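A.B. asks: Numbering (the working numbering), first residue to last: 840 to 982.
Quick one: the structure is below, questions incoming.
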């Protein structure tokens, strides 16, 4: 059982996933710092507060503090935007460039294949049977 567990852990996809989680956590810390230290102060300039934590309403002397939810939502949207702009968008550009390169290679291969087929057909015609009935008439029209 320990051997099976060790084999499971040593599989490439498990290790890749662990690396992705660690890198994701580190990137999340960077983005959170960006939001907390650069973007939220800009929001403070607009709204007069660095966050919305003080927003609340009261019903029957019970406070419903919805400001934390609004702050968390703003943080989420800003983090999602940062991930989109700095990870997703560049990866889409890279993948698009790579796929264009593959398409160009496929087009070159297709052209080469057609030329090879033409060459092979011409060779087959040239090396065909020696009687004149098998060879195409050049420049003559039977009709």
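For every residue, glycine included, the Cβ atom is placed at its ideal position computed from N, Cα and C.
These numbers were taken from a predicted model, which means no experiment stands behind them.
Could you check what DSSP says for residue 903 in three-state terms: helix, strand or coil?
C.D. replies: In this structure, residue 903 counts as strand in the three-state DSSP scheme.
A.B. asks: So, is residue 910 buried or exposed, given that buried needs 16 or more other C-beta atoms within 10 angstroms?
C.D. replies: Answer is buried; the Cβ neighbour count reaches 16.
A.B. asks: Express the C-alpha separation of residue 860 and residue 893 in angstroms, rounding to a whole number.
C.D. replies: Rounded to the nearest angstrom, the two C-alpha atoms are 33 Å apart.
A.B. asks: If residue 874 sits next to residue 914, beta carbons under 8 Å apart, how far is it from one beta carbon to the other, in whole angstroms?
C.D. replies: With a Cβ gap of about 6 Å, residue 874 and residue 914 count as contacting.
A.B. asks: Just confirm the distance between the C-beta atoms of residue 858 and residue 922, as a whole number of angstroms; I'd bet it's less than 8 Å.
C.D. replies: That belief does not hold up - the Cβ atoms of residue 858 and residue 922 are roughly 17 Å apart, past 8 Å.
A.B. asks: For residue 891, which three-state DSSP category applies?
C.D. replies: Coil at residue 891, not helix or strand.
A.B. asks: Beta strand (DSSP E) containing residue 923: first to last residue?
C.D. replies: From DSSP, residue 923 is part of no beta strand (DSSP E); its letter is neither H nor E.
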